[in-house]
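Chains as they are written, first to last, in our numbering: chain A, 287 to 518; chain B, 2 to 129; chain C, 84 to 683; chain D, -14 to 115.
Where is the CB? At the ideal position from N, CA and C, for every residue including glycine.
First the structure, in the form of structure tokens, and then the observations on it.
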Amino acid sequence: MQVTLKIQRFNPEKDSAPYWKEYTIEAEPTDRVLDGLLKIKLEQDGTLTMRSSCAHGICGSDAMRINGVNRLACKSLFQEVGNNVTVEPIAGLPVIKDLVVDMEPFMEHYRSVLPFFINDDPPPEKERLQSEEDRLKFEETTKCILCGCCTTSCPTFWATDAYVGPAAIVQAHRFIFDSRDQGSAQRLEILADPDGVWRCRTIFNCTNACPREIKVTEAIAEVKKEILFSKL
Amino acid sequence: MTTRYARTPKPSGSTFEVLSWFYMRASGALLALMVVFHLIWMHYVIGLTNIDFDVIAGRWTGPGGIFWRSYDLTLLILASLHGMNGIRFVTDDYIHNRGWRAVVKALIALVLLLMVVFGGLVIFTFNG
Amino acid sequence: MQYHYHKHDVIIVGAGGAGLMAALYAGKEVDTAVISKLYPTRSHTGAAQGGIGAALANLEEDHWEWHAYDTIKGADFIGDQDAIEFMCKDAPNVVFELEHMGLPFDRTPEGKISQRRFGGHTNNETKQAVMRACNSADRTGHMILQTLYQQCIKHNVNFYDEYQMLDLIIEDGEARGVVAYEIDTGELHVFHAKAIMLATGGWGRVWNITSNALTLTGDGPAIVARHGLPLEDMEFFQFHPTGLFKLGILITEAVRGEGGVLINGKGERFMPKYAPTVKELASRDVVSRAIYLEVLEGNGIDGKDYVYLDITPKTVNHYFEVDNSRLPNGELRHIDEDYVRAKLEDITDFCKTYVGVDPTKEPIPVQPTAHYAMGGIPTDNDTRVIANENKDPIPGLYAAGECACVSVHGGNRLGTNSLLDIVVFGRRGGKVMAEEVKQKDFKPIDAESAVAKVQAELDAILNNQGTETIAAIQQEMKNIMSKDVGVFRVEEGMAEAVKKLRELRERYKHIHIDDKGKRFNTNLMEAWQLGNLLDIALITAESALARKESRGAHARDDFKERDDENWMKHTMAYLDADGNVTLKYKPVVVTKYQPVKRVY
Amino acid sequence: MSANPKKGFVSSTLSYKGGIGHWSWILHRLGGLGIAFFLILHILDIFMVGVSRAAFEELLFIYHEPLLRPVIWALVFGVFYHALNGLRIIIQDFWPHMFRYQKQLATTVWVIVIVLTVFLVGVDIAGMLA
């Protein structure tokens, strides 16, 4: 099939503002949008710039806004997105070049929620035990690949990048609900900040955008409830 | 004792934010019922075209006066706080300049005060 | 020459499992920095699925010695047995340590780390498959990568994200620094260090169908080779039997560990013909060849070049009955759709997304996919890179993970041993480097000329007015390698491949690119990486052409048998500036296991 | 130099093809702002009841003027939507597993809001005709 990709371009060395450019390629319906972009880069215009690595939705490099919604280019097939595809960078982060954004503000929020296991007790000789039930409590949020689809689909984040954002809350959730972890109080304290979970307006764009099908809004609500009950 | 990893000083205002969040839900639930009832009462039971001074006066001074005065007062306080807090959220989202944000928030607080004072005054002091 | 200068005791290049584990261990004691061409969590460790092998015996009897023997046998007896014993003995400790770092393993009903069956891992007495793969659903690699990155953040390891290493600074036979290109700005950086570890991963992108990320271009080994240092056992490259048809996306061996069977175009389960005891759970080279032979005989699905991997409960439960396959408690094994979905969540997702198949209801179309490099930069058991067949180390240079060849995988790696390799040797390397740099001072470096050399390499691409394109050269290289240096190899094919690869290397000198800018010039990076792939491809083809036997992943139609008398030795391939490859050989370390015929 | 991320968050908000939750939020927020401003006016006009009969009757056109009815109806709709959508959010916040039914819940909100709005608008029209 013939596919037309309308891509937002921006070269910081030449352009003062982003602009749109259209490319037409031959593609299979089962090709990924990423295949299309790479094909353009290889065959038509080597200056087209995006990030990509694993190409099957596990590394989180190629989050972009495709036909108006955040997705991974490698998890979007032309048969679902159609043959007229609009591709632009994810919103709310500075655009470096074409589809590449500066992920640093995003990573800063990620680091701010203590996204690491905290348990200062001397570990046992073998594994720490954890029941299957306790393990399942945070199963879903361990799937996060830090692609940024959720945070950059959030209208609150677009309005104010002080908001810690869904991805960071998901990462915190993964530890807050881990029965082995002892850092929950500190994380809840951080997330109770005015720029923490309370800026979530329950909009669901994050949940809809998550390529790992994490129920992000639900995870955020669980954190909110946890803070509420710890304060009341 | 677990090591303290938080690199920032203890975040301020966290209790206020959680209470504000909780208040929006608690008052919201109550307001939803009260306002829907209020609207149905004024539009269906009274009828918009029939509203006049006597209707309002009768409401506060008639046989159910105590009930209506408490109902309206509750509505006034819950709604003013809910509404102005909502505007505060919007301010936090969209106004990033610290100075402007403070000015707008002060304005919101002032408006809130005036709403409760003016509204309360009439509900309490009205004597026909 | 314009460049930025940085100084750290230890520099680690690559932020996958091996790099991060080393960074964590070195970083606890000395000033450590990690350079990565990707954000660390984008590394391909995250794509590893099935599990990490360790004889924890959480569900049934198991011993590290069994694990070691399975690995040696899986390696087709060309793995170094001292290294393998070290790794398998260390495995339980390192897995417990990962658990202590918070890694969310699946749990047994008693709350212990859950384990599952995997290819080539057996109870050495009964010869049946044993539950040894510690797993976290089907994203064990993702969990390891995330956990290690989290710990690095906790311990304040320095990161230089999106920096491409372009060269090593080796002076007076000692590694003293790295030259890297900051992708965002196009500026060059010199990293001055006392110890440098390469953990740059594999090079599956040399082949057409691969499970590897687009970024796996063998940068580390190629740079090492261009310094006149040897690469070991490059002819051994693993083809994973079950890549998703056409795309090559990995479908974990755990599918077979959970009971999945391989079915050919006639609807027959064909693995019992090739591996009567463990069938689908034979080692990967055996299963890949079986699929290849089925396809050759016209038994592919619809006569095409793929077969079915069937994990539908109906089929699986049928074969559990046929095989009388039982749980440790004696009950007949049985699975249902929910179990498949829970244990193989990501696989289910991949199949639905890319081929529109629900694996709980329909079989998955699969074909062998280029997967893992057993060979690489030769190191000793302490991860020190060695310069020759006498194992003389190069001071200051270390390597770990897929880019390194210790060699624990020999001719064929067992599933779950790659994750084990990266954490065991990453940790070992981190500790060794920390100890060594404490005893050592910074040696002077000539940063100016190192930068000038790299700048010249980049300018050669940027200013090239040639007519050759990345697309054409890359595609031809992949075609050559897939056709002639793939699952099955013959003399004429490989000789032809070597010849054509040399032509491609000439054409590469006339490559031109569109993007001449400084900012985020991925076009330039791709062109440079293509040079690495071409070097690697040539060394692989030359190493393979010379090895006149079939062993592990190196399967020749013209030399069908293993030849222990002449070929039980490691290849050491040296590339010179003119593109000539010289082959030397190094003996295999044998402790107590003598080679026997390999049957599964 | 990088493109400014904050440029056009309004256009991001309007152009993002979010689901029903996205549009619900926009409506909820606009509705909330509208109601808050009306509330201020409403308090003022009722305050006039306390000032004098005449002062209040000056403002009665708000409720009697047919031309203002569409404004009132928009407000009625806004109040119902804000109230019911708010209840949806509360339900989801306190029973997070209800998030899985967000689309069904959001649709239910619309159904109830439309029924209530049509009912009251109908009542008003009937009153005007009478």
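| query | What's the C-alpha gap between R409 (chain C) and K356 (chain C)? | reply | 22 Å
| said: I want to check one thing, is the minimum distance from the CB of N70 (chain D) to the heavy atoms of the ligand SAH below 8 Å? | reply: Inclusion of the ligand SAH in the displayed structure is not the case, the ligand content being empty and no account of it being possible.
| query | Taking Cβ positions, are I292 (chain C) and A453 (chain C) nearer each other than 9 Å? | reply | yes
| query | Under the three-state reduction of DSSP, which class applies to F242 (chain C): helix, strand or coil? | reply | strand
| query | Mapping DSSP to helix, strand and coil, what is R125 (chain C)? | reply | helix
| task | Tell me, please, which residues DSSP counts as bridged to T290 (chain A). | result | A:T310 and A:N370
| said: If you follow the beta strand (DSSP E) that T654 (chain C) is in, where does it begin and where does it stop? | reply: K652 to L658
| query | By how many angstroms is the C-alpha of I382 (chain A) removed from the C-alpha of M(-14) (chain D)? | reply | Only weak support exists for where M(-14) (chain D) lies, its pLDDT of 40 falling under 50; the coordinates are left without a value.
| How would you list, in chain order, the residues of chain A whose beta-carbon sits under 8 Å from the beta-carbon of W22 (chain B)? | W484, K510 and L514
| Segment contact, 8 Å Cβ cut-off, at least three pairs: the region 642 to 661 of chain C with the region 575 to 595 of chain C | no
| Closer than 9 Å, CB to CB, is M2 (chain B) near chain A or not? | Legend: pLDDT at M2 (chain B) = 43, less than 50; position of this residue unreliable, no value from coordinates given.
| What beta strand (DSSP E) runs, 3 residues minimum, are completely inside the region 89 to 161 of chain C? | 115 to 119
| Using 8 Å as the threshold, is the region 383 to 394 of chain A in touch with the region 21 to 38 of chain D, meaning 3 or more CB pairs across them? | no
| query | Taking the alpha-carbon positions, what's the V96 (chain D) to Y66 (chain D) distance? | reply | 10 Å
| message | Please classify A110 (chain B) as buried or exposed, where buried requires at least 16 neighbouring CB atoms within 10 angstroms. | response | exposed
| message | Less than 6 Å between C-beta atoms, sequence neighbours within five positions excluded: which residues of the same chain meet that for L134 (chain B)? | response | Because chain B spans 2 through 129 in this model, residue 134 (chain B) falls outside it and cannot be assessed.
| said: Quick check on the burial criterion: 16 or more other C-beta atoms within 10 angstroms. Buried or exposed for K387 (chain C)? | reply: exposed
| Could one say the Cβ of D78 (chain D) lies closer than 9 Å to chain A's Cβ atoms, at least one of them? | yes
| query | So V450 (chain A) and S398 (chain A) are in contact, right, with Cβ under 8 Å, and what is the actual spacing, rounded? | reply | 7 Å
| message | Suppose only complete runs of 3+ residues qualify. What are the beta strand (DSSP E) ranges in the region 220 to 279 of chain C, listed by chain order? | response | 241 to 244, 246 to 254 and 257 to 265
| message | Here's a check: name, in chain order, each residue in its chain whose Cβ is nearer than 8 Å to the Cβ of Y391 (chain C), leaving out the five neighbours to either side. | response | L345, I346, N347, I384, P446, I447, P448 and V449
| request: Closer than 7 Å by beta-carbon distance: list the chain D residues that pair up with L114 (chain B), in chain order. | output: Under the 7 Å cutoff, chain D gives no residues; its nearest Cβ is about 12 Å from L114 (chain B).
| task | Would you list, in sequence order, the uninterrupted beta strand (DSSP E) runs of no fewer than 3 residues that lie entirely inside the region 176 to 223 of chain C? | result | 198 to 205 and 212 to 217
| query | Do T665 (chain C) and L432 (chain A) come within 9 Å of each other at the CB atom, strictly closer than that value? | reply | no
| query | Looking at the structure shown, is F32 (chain D) part of a helix, part of a strand, or coil, going by DSSP? | reply | helix
| message | Against chain B, does P480 (chain A) count as a neighbour if the rule is that its beta carbon must be under 9 Å from one of theirs? | response | yes
| said: Give me the subset of the region 109 to 131 of chain C whose CB atoms are less than 7 Å from a CB atom of chain A, sorted by chain position. | reply: L121, Y122, T124, R125, H127, G129 and A130
| field | Identified DSSP bridge partners for M113 (chain D) | value | Note: M113 (chain D) sits in no beta bridge, so no partner.
| request: Return the first residue and the last residue of the alpha helix (DSSP H) that L621 (chain C) is part of. | output: T605 to A629
| said: Here's the rule I'm using: 16 or more other beta-carbon atoms within 10 Å means buried, otherwise exposed. How should M84 (chain C) be labelled? | reply: exposed
| message | So, at 7 Å on beta carbons, what are the nonlocal neighbours of M170 (chain C) in its own chain, with the 5 sequence-adjacent residues on each side left out? | response | V491, L503, D504 and V507
| message | Going by DSSP, what residue range makes up the alpha helix (DSSP H) through G576 (chain C)? | response | E574 to Y591
| said: So, with DSSP's three-state summary, where would you put A296 (chain C)? | reply: coil
| task | Going by CA-CA distance only, name the one from B:L40, B:W61, B:I41 and B:G100 that's closest to T126 (chain B). | result | B:W61
| query | Does DSSP put Q468 (chain A) in a helix, a strand or coil? | reply | coil
| Would DSSP call R414 (chain A) helix, strand or coil? | coil
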